[in-house]
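Following: one structure in structure tokens, then a few remarks.
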Amino acid sequence: MSCGSARRRYPIAVLVTLAAASAGTDYASPQAQDMTTVSAEVFEFDIPAQPLGDALQSFAQQLRQQVTFDATALGGSRCNAVLGSFTAEEALRRLLDGTGINFRRGQRGVWLVGHTRTAAVSKGRDRTEVPPTSSRSAANLAAERRSRAVGGAATAPETLIVSASRTPLAMNQIASSVTVISAVEMSIQQITDPKSALAQQSGVTVVTTGNVGGGTGIYVRGAFPHHTLFIVDGVRMNDREATYNAFMGGADLGGINRIEILRGPQSPLYGSAAMGGVVLLNSAQATAEPAGRVMLTAGSFDTYSAAATAMGRAGAFGYSASLSHYSTANDQPFNDFKSWNYSTHLSYDLSPLLKVGMTWRGQEGDYASIGSRFIDTPGIADTSNDLGTLYLNWQSSDTVTSRLVAGIHRREYHWLSETRESLQINKRRILEWQSAWKPAPAVELVAGVNHESSEYDVGGSHSDEEISAAFLSGTYRVTNTLTLNAGVRNDAFDSVGGASTWRVGAAWMVLPQTKLRATYGTGFAAPGSSGRYGVPAWGQLPNPDLMPEQSRGWDVGVDHAVIPGRLTLTATHFENRFDDLIDWEYIDSSQYEGTYVNRGRASTRGVEFGISAQPVTGWHSRFGYTYLDAQDEDAHQRLSRRPRHSLYVSTWFEFASQWSVGMAVRAHSDRVEGTVPVGDYTVARLFASCSLSDRMVIKARAENLFDERYEEVYGYPALPRGVYGSVEWKF
């Protein structure tokens, strides 16, 4: 079976000697020759996902480079799709990414492919362990240990992007501003939850109402919190009724293999609520070899947590699972928070071209809130979020892949205080079919249909909604350096009718290490069904004329690798306009009765700037800065909780194969709450770890290192300095 084709581009000859074929292993060998050109040449790849053995055969035949491997040891592993211009080494990394299988280059030029610590030798019938010091630094070994702890392969970081087109694309073909946060990097920096990971990204502001466990809102490029859409395991998690605030307040990173952040209007791909951007959370998939970890943490404010993860494969069956418990008293009386987080991902390969699976991710939280500094409203919020999917992935040919997903989401929010009790229950059922077609190497079309039905019960009132949607997106590589993409979508709501959105973009590699990109798109956010039908128990009157919020926005940016692999710069200018924003309007203020109406207009514009640097092996640094001007166009005043200046800096060192130490600083300045200026703040954190062995790691971190007194939400003090320690056991 052919794995695809490769065409040579930009030959830069590097001569190496090829070894003879190994008699005891399966291998792919080109016609016998002593010398060939390899390594620095760049090739055009178009390799679909399929069994890894077939992929390696094709890799060798097309590039005329020798590969040696043990077909039995590969088991049922499948290669990743590889599309674009890469060196042979980069293409092989992408093929193997996430399989738990590694490679190295033999002294005579042979590609040796095997599991992380072993590979077949290029001569003779014996096997040998790859020496830890042969072409791998101590820092790389430390990173490998961390990668195995979360189930990843010891290969290069993932660079394929899924969010921007719903199918994997190379970064050089992406027109949008997108960031991928790997589980390995979050582990090194001891980032323990999604909100902390998002808070360190350019263009993203995270605010928590109170301390750990409080409701959390995400502002992407100044858009409102309900304009950020979370996609969990391929399905939409939130809308205006089923919010993510409680989930984000207490969610951890258990079972998450990476986070993608896609900025700007994304409704043409993802529908309602994607006006500001999209955040993708994906459950970790199975690895070729069993792996896992157990972690115990204790620290300030009577904080305790325990977490366990496990993943692996048994033939065609793959599994991953995580479970964690967290408890803290925070720093004030009656402010406790306790939570459980759990996830699982099971898959089965019915054939090399057909896979079925299921995912389940959930959280249960119990948060005691004392209210703000100005209003004493103590109460307890019991929350739960569960989202499950059943999926089928099918590759019907070398050019067509399809995915069918059935999902169910249930959210419950129960508030109880001395004066009030409120129960909100959301139920959503989702069915989506998506198919990607590559009629030619330079063209890819993605089409899909979606149906969702939802129910909302609050205060004795019931409302429901039915949504049907269809979308079409296309990517066209005009040349090897210029990629265009476009998309269109229509969503039909039973309550408010249809909404059509569209988007176009371009990515141009003007130089081998410089990409210019630009996008323009529209977005919308549908009103909640309770807004149209009312909630009498809350004094909320119905408004059947309530219509969707709308937006349009554009951005232009540049990504430049000053020193490839060592120093990368990125800069983006963006502008967005929002119309028909939904706001509360009192009808009878004496009775606290009112309704939601369309009456708002707003605009956001700004600049995002980032630097990623690795000055020397083992030293990593990240820098991000955002300037944001967010205006209420009707009131002629700034929008609340959007800092005009945001800064994030982190740096860490890995050395002596056992140690890592780092520091991060986050700063926000020039903020307002309504018309009231709110104080600036700068918080720092320190983190360090030591590997006592390949299986045992101890970690320590200090949050709010300099004991800054600040409030992310006006009236709700954040935690003072806290110190935490962890012990990890890997297996």
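Following my numbering, the numbering of the sequence shown begins with 197 at its first residue and continues without gaps. Ideal Cβ positions, reconstructed from N, Cα and C, are used throughout, including at glycine.
- The closest CA to that of S518, considering only N453, V893, W590, L742, is found on N453.
- One Cα belongs to F667, the other to A643, and the distance between them is close to 6 angstroms.
- Of all C-beta pairs linking the region 651-665 to the region 711-731, three or more are shorter than 8 angstroms, placing the two stretches in contact.
- Rounded to the nearest whole angstrom, the C-alpha separation of V803 and G418 is 12 angstroms.
- If only uninterrupted beta strand (DSSP E) runs of at least 3 residues are considered, those enclosed by the region 353-428 are 374-378, 400-404, 412-416, 424-428.
- Excluding residues up to 5 positions away in sequence, L248, S273, A349, A484 lie with their Cβ nearer than 7 angstroms to the Cβ of T295 in the same chain.
- With 16 or more other Cβ atoms inside 10 Å of its own Cβ, H423 counts as buried.
- DSSP places Y729 in the uninterrupted alpha helix (DSSP H) bounded by 725-729.
- Secondary structure at Q481: coil, using DSSP grouped into helix, strand and coil.
- Between Y912 and G406, the gap from beta carbon to beta carbon is short of 7 angstroms.
- About 5 angstroms separates the Cβ atoms of L492 and V923, confirming a contact at the 8 angstroms cut-off.
- Excluding sequence positions up to five before and after S568, its CB lies within less than 6 angstroms of the CB of G911, Y912, all in the same chain and listed in chain order.
- The C-beta of F513 has fewer than 16 other C-beta atoms within 10 Å across all chains shown, which makes the residue exposed.
- Listed as beta-bridge partners of L588 by DSSP are V552, L600.
- Note on geometry: alpha-carbon atoms of T675 and P637 lie some 11 angstroms from one another.
- Rounded to whole angstroms, L252 and M705 show a C-alpha spacing of 29 angstroms.
- Using a Cβ distance threshold of 7 angstroms, I576 and N531 do not count as a contacting pair.
- Residue pairing from DSSP places Y563 in a beta bridge opposite F533, A577.
- Per DSSP, the continuous beta strand (DSSP E) segment holding P873 begins and ends at 872-874.
- 7 angstroms or more divides the Cβ of S631 from the Cβ of S657.
- At a Cβ-Cβ threshold of 7 angstroms, S520 and G410 do not count as neighbours.
- In the DSSP assignment, S657 falls outside any alpha helix (DSSP H) and lies within the beta strand (DSSP E) extending over 657-673.
- Of S649, L288, R728, L279, the smallest CA-CA separation from V263 is found for L288.
- With a cutoff of 7 angstroms on beta-carbon distance, Y609 and A447 are scored as not near each other.
- Annotated three-state conformation of S853 is coil, per DSSP.
- In terms of Cβ geometry, V431 and I414 do not form a close pair [threshold 7 angstroms].
- In this chain, the beta strand (DSSP E) harbouring N622 covers 617-636.
- The Cβ atoms of I427 and I377 do not sit closer than 7 angstroms to each other.
- V684 is not a Cβ neighbour of P744, given a cutoff of 7 angstroms.
- Taking a contact to require three or more Cβ pairs closer than 8 angstroms, the region 855-864 and the region 822-830 do not qualify as touching.
- Residues of the same chain with a CB within less than 6 angstroms of the CB of S618, apart from the 5 flanking positions on each side, are W611 in chain order.
- Residue range 441-446 is occupied by the alpha helix (DSSP H) that includes M444.
- The C-beta distance from T822 to S398 rounds to 5 angstroms, short enough to fall under 8 angstroms.
- P574 and S613 have their alpha carbons spaced roughly 6 angstroms apart.
- In this chain, E437 is not harboured by any alpha helix (DSSP H), its DSSP state being neither H nor E.
- E648 carries a strand assignment under DSSP once its states are collapsed to helix, strand and coil.
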